[in-house]
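Structure record follows, encoded as structure tokens.
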Amino acid sequence: MSTVTPTTSKPWTTLRKFVRTPVQRIERCELCGAPIPPEHDHVIELNNRQLQCSCMACAILFCDQGNQRFRRVPRRCDVLHDFRLDDSTWESFLIPINLAFFFRHSAHERVVAMYPSPAGATESLLELDTWDELGEANPILRQFAPDIEALLVNRVGSSRDYYRVSIDRCYELVGLIRLRWRGLSGGNTVWEEIAKFFQKLQAA
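Quick note: to get the numbering used here, add 17 to the position in the sequence shown (first position is 1).
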């Protein structure tokens with residue numbers, strides 16, 4: 018298994034919207050320009066995985082999974098208390114940090130594994146049979162909607178936490194790390210923010 022970093026930053030152009038300091042300005046739908054509240058919907062452009070902030074009316078237009086360009090991202094966060102992933106299986110993924118998310122990319126017909134880094138999200142080329150084995154141990158993975166739902170894994174320190182989340186939650190974490198990371202180890206602030214992020218998921 019090898020890792021590759023995407024050569025374009027286009028899919029991450031909206032990441033700062035998740036973590037920037039609130040200011041007095043009007044958020045707008047990136048599809049129609051209508052004003053939207055701070056808590057709003059997202060749609061994802063399937064080919065390049067770019068998230069778009071969306072008003073409710075535009076988001077509803079893309080609920081149909083037959084749409085070939087955009088798809089609405091549902092708001093979802095479920096803690097998977099009984100998820101099974103042992104240390105040896107995790108190590109076989111060859112992911113260099115203990116944070117990652119996995120989703121099925123329908124256009125490429127494969128599972129994508131990504132982990133956050135100071136430069137954004139890095140993609141790991143995951144062997145399909147490895148994912149199939151994980152699916153045998155955890156049948157709930159077969160229920161995940163392609164492109165818009167992900168398995169989010171937190172194994173930092175003593176944590177062994179697994180979540181079924183909407184894909185925008187994963188990019189929110191990527192944006193947080195990209196904005197807050199300092200030096201080689203990230204600094205105390207970023208790890209405190211990561212801990213707060215997962216505390217919110219637990220309480221959702």
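For each residue, glycine too, the CB sits at the ideal point set by N, CA and C.
TODO: List in chain order: all unbroken alpha helix (DSSP H) runs of 4+ residues lying wholly within the stretch 110-193.
DONE: 145-154
TODO: Give, in chain order, every unbroken run of the alpha helix (DSSP H) that is at least 4 residues long and sits entirely within the stretch 71-111.
DONE: 73-78 and 104-109
TODO: Could you pull out every residue in the same chain whose Cβ sits closer than 6 angstroms to the Cβ of PRO91, ignoring the five residues on either side in sequence?
DONE: Here residue 91 refers to the residue found at position 74 when the sequence shown is read from its first residue. Around PRO91: SER183.
Open item on the list: In the DSSP output, which residue or residues are listed as bridge partners for ARG45?
Closed with: Taking the sequence shown and counting its residues from 1, one reaches residue 45 at position 28. DSSP lists PRO52 as partners of ARG45.
TODO: Please name the residue, chosen from CYS72, CYS75, LEU201 and SER141, that lies closest to LEU223 on a Cα-to-Cα basis.
DONE: The chain is shown only over 18 to 221; residue 223 falls outside these bounds and no answer can be derived.
TODO: Please look up how many angstroms separate the CB atoms of ILE53 and CYS72, rounded, as I've assumed it's under 8 angstroms.
DONE: Counting from one through the sequence shown, the residue named residue 53 turns up at place 36. Counting from one through the sequence shown, the residue named residue 72 turns up at place 55. Contact flag correct, Cβ pair sits at about 5 angstroms.
TODO: Measure the CB-CB distance between PHE120 and ASP185 and report whether it falls below 8 angstroms.
DONE: To locate residue 120, count along the sequence shown from 1; it is residue 103. To locate residue 185, count along the sequence shown from 1; it is residue 168. No. Outside cutoff.
Open item on the list: Check for me: the beta strand (DSSP E) holding HIS59 runs from which residue to which?
Closed with: As a first step, residue 59 must be located in the sequence shown, where it is residue number 42. Per DSSP, HIS59 belongs to the beta strand (DSSP E) from 58-62.
TODO: Please confirm if the stretch 104-116 is in contact with the stretch 160-180, defined as three or more CB-CB distances below 8 angstroms between the two stretches.
DONE: yes
- [ ] Report the rounded CA-to-CA distance for LEU168 versus ASP178, giving the unit in angstroms.
- [x] Here residue 168 refers to the residue found at position 151 of the sequence shown. Here residue 178 refers to the residue found at position 161 of the sequence shown. For LEU168 and ASP178, the distance between alpha carbons rounds to 10 angstroms.
Open item on the list: Please list the terminal residues of the continuous alpha helix (DSSP H) segment that includes LEU218.
Closed with: Locating residue 218 in the sequence shown gives position 201, where the first residue counts as 1. It spans 204-220 - the alpha helix (DSSP H) in which LEU218 sits, taken as one unbroken run.
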